[in-house]
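So the sequence lines, in the order shown, correspond to chains A and Z. Per the numbering used here, the very first residue in the first sequence carries number 145; after that it's consecutive. Per the numbering used here, the very first residue in the second sequence carries number 1260; after that it's consecutive. No residue lacks a Cβ here, since even glycine has one placed at the ideal position from N, Cα and C.
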Amino acid sequence: MRELPTLPMPAPEPPAEGYTRREALVMGLFALAAAATTTGCAADKLALDDFVAKHFKDLSPAELQDRLAQMEKRYTESYGKPVKVSATPAQEGVLFGYALDLSRCIGCRKCVYGCVEENNQSRDPQTHWITVLEMDKEGGVNLQNANAFYDHETVPAPGKFYMPVACQQCENPPCVKVCPVEATWREPDGIVVIDYDWCIGCRNCIAGCPYGARRFNWGTPGIPKDEFNPVTEYLGNRPRQRGVVEKCTFCIQRVRQGLYPKCVEVCPVGARKFGNLLDPESEIRYIIENKRVYILKEELNTQPKFFYYYGL
Amino acid sequence: MALGVFAASLLTACRPVEEHVPRWSKAAAAAVRQADDTTKAPAKTPVKTAAAQFPVAPPPFSDGVFPCSECHGKTDVVNRTPHPVEFHEDIVLRHDEKNRWCLDCHDAQNRDKLHLADGRLIDFTESYKLCGQCHGPTLRDWKAGEHGKRTGMWNGEKQYLLCANCHSPHSPGFKPLKPQPAPVRQEAIK
């Protein structure tokens, strides 16, 4: 019988910073006891606050402010620079849409690494929110024969085309449906977000996503301090802990301030387009109305807000 | 170079700069004058200029080549027959080169400008108008934000890139790039 490859499992190492849920539970009990005997200490208090933290949607405005201030303090200490954590609400009358021109993408992966830097993805172990697939022009979009590990001297390689895939921000998201604790949901502006403090790491959403867009933190994320992006969002690029799921948020920390997502700005060929689907003057509407547009796995009725198109 | 600048300044000092009149089109010249008059006329309401409508990145000049009039004077002998050009040997023309030549786009009289097919002079920052003469649908898509990269705000101020920022006007094909590293295979993540 053939020996099956083993799943990469995290080594049982003591976490450097923060506590696991189990430890927090134990410590929380101790902290409760300590609080009862009025001999509590600061570290225990923080772990307790984490453990008893409410779901993002259940936080009152005052509790949210407390939580944000607490996070800012903690991240500022960990990364040695002032960190801002915001919880910017969705803008009224906005539904975000994204378009990607398959006839222009050259597969240079600049978007992948631009995203890593902007969204504080783990460098080691490696986490990428964007996967760039290489396929044969002759075969068309055939995901079964796609290769994400191509390594050429220069791109585009002859006879190949490229299809970057990240979260499709579905209107009918299967990942949200299968989450047993409602730690992930769709915001009014169409962005599917995750509350990292509510995620239990069951990875049902990873199995549920038909686009392979979600990533699990098997290990403690490693980000060099000098590369850490200090402009963060609660439901976006703030540091994640081991054992939670993350994915593309259309750069929620940028787009809710009116900026283009990072991948749009780093793309050297201008293949990536972004805008408000409810604004008839936006470039995204122009593309949908004038170009050959299609969505990935349309038959699943996920209704993505990510559109692929052919500009040429 | 310094000598050239000196010579050019001497030339301009000796010969008062005349208003540019494209010799090959009197009608175009009239149109230019008319266009100038409209811009000079006092506008009651602030007019949205082309520059404000499409705020573009600076044109990608090689170091020290602009302004062109530092070397090119009015005394240049204009030779419209394609021939190798001294000091510009690095330019390889791969852009319908059998039918086109430098002075189809660059203006012979005012070297710091480009000219459209009808003789109207335009700045290098408006070069998209020149490109759009042949590439009409592309210009239309560029204006709508479909072709080319825009940076800034999706709901506010954007910066456009000029056609020439990505496509060298002399050989516009997009050059291949070295890709960033491939992702680590899942089985290799420890």
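- The C-beta distance from C319 (chain A) to C349 (chain A) rounds to 4 Å, short enough to fall under 8 Å.
- Residues of the same chain with a CB within less than 7 Å of the CB of P1317 (chain Z), apart from the 5 flanking positions on each side, do not exist.
- Taking all protein chains in view, the Cβ of G455 (chain A) is crowded by 16 or more other Cβ atoms within 10 Å, so the residue is classified as buried.
- By the rule that beta-carbons nearer than 9 Å mark a contact, G1415 (chain Z) touches chain A.
- Contact note: V1443 (chain Z) reaches chain A through Q270, using a C-beta cutoff of 7 Å and chain order.
- Cβ atoms of R384 (chain A) and Y340 (chain A) come within 8 Å of each other, at about 5 Å.
- The Cβ atoms of K417 (chain A) and G1404 (chain Z) lie closer than 9 Å to each other.
- Under the Cβ distance rule, G1432 (chain Z) does not count among the residues neighbouring chain A, no pair being separated by less than 9 Å.
- Here DSSP, grouped into helix, strand and coil, assigns L444 (chain A) to helix.
- About 14 Å separates the Cβ atoms of C1361 (chain Z) and S1386 (chain Z), ruling out a contact at the 8 Å cut-off.
- Of all residues in the stretch 276 to 308 of chain A, those with a C-beta nearer than 8 Å to a C-beta of chain Z are A292, F293, Y294, D295, H296, E297, T298, V299, P300, reading in chain order.
- Listed in chain order, the alpha helix (DSSP H) elements of length 4 or more contained wholly in the stretch 366 to 418 of chain A are 396 to 399, 406 to 410.
- Spatial neighbours of P368 (chain A) in its own chain (CB-CB distance under 8 Å, excluding positions within 5 residues in sequence) are listed in chain order as R267.
- Looking at the DSSP output, D423 (chain A) sits in no beta bridge, so it has no partner there.
- Beta-bridge pairing by DSSP links R330 (chain A) to A:V336.
- Within the same chain, and ignoring the five residues on either side of K1408 (chain Z) in sequence, the residues whose Cβ sits closer than 6 Å to its Cβ are L1420.
- According to DSSP, D280 (chain A) shares a beta bridge with A:K304.
- Beta-bridge partners assigned by DSSP to T298 (chain A): none are found.
- For K417 (chain A), the chain Z residues whose Cβ falls inside 8 Å of its Cβ are G1404, E1405, in order along the chain.
- Between F240 (chain A) and K449 (chain A), the CB-CB gap stays under 9 Å.
- For R1409 (chain Z), a Cβ of chain A is located within less than 9 Å of the residue's own Cβ.
- I1350 (chain Z) is not a Cβ neighbour of H1426 (chain Z), given a cutoff of 9 Å.
- Neighbours of Q1439 (chain Z) across chain A, judged by C-beta separation under 7 Å: C252, R253, K254, V256, Y257.
- Shown here, K1417 (chain Z) sits in a strand according to DSSP, grouped into three states.
- H1374 (chain Z) is a Cβ neighbour of D1366 (chain Z), given a cutoff of 9 Å.
- T1334 (chain Z) sits exposed, since fewer than 16 C-beta atoms from the chains shown fall within 10 Å of its C-beta.
- Between the stretch 408 to 416 of chain A and the stretch 269 to 282 of chain A there are fewer than three inter-stretch CB-CB distances shorter than 8 Å, so the stretches are not counted as touching.
- The stretch 221 to 236 of chain A and the stretch 328 to 335 of chain A touch, with no fewer than 3 CB-CB distances between them shorter than 8 Å.
- Nearest neighbour of Y438 (chain A) by Cα position, chosen from A:A243, A:W362, A:R386, turns out to be A:A243.
- In the pairwise beta carbon analysis, the stretch 373 to 383 of chain A is classified as touching the stretch 214 to 227 of chain A: at least three pairs are separated by under 8 Å.
- Among the residues facing chain A, L1436 (chain Z) is included, as its CB has a counterpart in that chain under 9 Å away.
- Residue-level contact by beta carbon holds for D423 (chain A) and chain Z, with a gap shorter than 9 Å.
- For I431 (chain A), the chain Z residues whose C-beta falls within less than 7 Å of its own C-beta are E1405, listed in chain order.
- Rounded to the nearest whole angstrom, the CA to CA distance from E1345 (chain Z) to Q265 (chain A) is 52 Å.
- Nearest to V388 (chain A) by C-alpha distance, out of A:A290, A:N420, A:G363, A:E297, is A:G363.
- At a beta-carbon threshold of 8 Å, the residues of chain Z lying near Y404 (chain A) are R1409, T1410, G1411, M1412, W1413, ordered along the chain.
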